[in-house]
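Offset between the sequence shown (1-based) and this note's numbering: plus 780.
Here is the structure we will look at, set down as structure tokens.
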Amino acid sequence: VASPAGSPIGTALLGATPIFSENSLPTYPRSARRRGWEGEVWLRVRVAESGQVLKVRIERSSGHSILDRAALEAVRHWRFRPGRLGIKPVAVDVRVPVCFELRDP
């Protein structure tokens, strides 16, 4: 639990969390699947007080731009439980990992 600069001592800042029941998983790009490409993309997501995504950027690439783009496109449309400072909703940045892993049928 962090206390941001300028906030009253003892007021906890809680990060935003994805609402997984409402969010679609990224689509595994067909061309990446055919080539056997796997990887993990780390995204930095700015979440508004409302829980909507304001901005998404790649923090760490999977090494395959097609997987990175699929992760960005999916997470742009996600909804989050907003961050909170005490009981007040606040905009926060969160790190989101997106893993692309091929599995045998």
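Think of the CB as a built atom: it goes at the ideal place given N, C-alpha and C, for glycine as much as any other residue.
- Of the candidates F800, A812, R824 and V870, A812 places its Cα closest to the Cα of A850.
- When the five nearest sequence neighbours on each side are left out, the beta carbons in the same chain lying within less than 7 Å of the beta carbon of N803 are those of W858 and R859, in order along the chain.
- Taken in chain order, the complete alpha helix (DSSP H) segments of 4 residues or longer contained in the segment 795-837 are 810-815.
- Beyond the five residues adjoining it in sequence on each side, G819 comes within less than 7 Å, by CB distance, of S842, G843, H844, L847 and F880 in the same chain, given in chain order.
- Within the DSSP bridge table, the entry for G863 names V870 as partners.
- With at least 16 other beta carbons inside 10 angstroms of its own, P862 counts as buried.
- In the structure shown, R856 falls within a coil segment according to DSSP collapsed to helix, strand and coil.
- As far as DSSP is concerned, L882 takes part in no beta bridge.
- The alpha-carbon separation between S830 and G795 amounts to approximately 13 Å.
- It is roughly 28 Å from the alpha-carbon of G816 to the alpha-carbon of P798.
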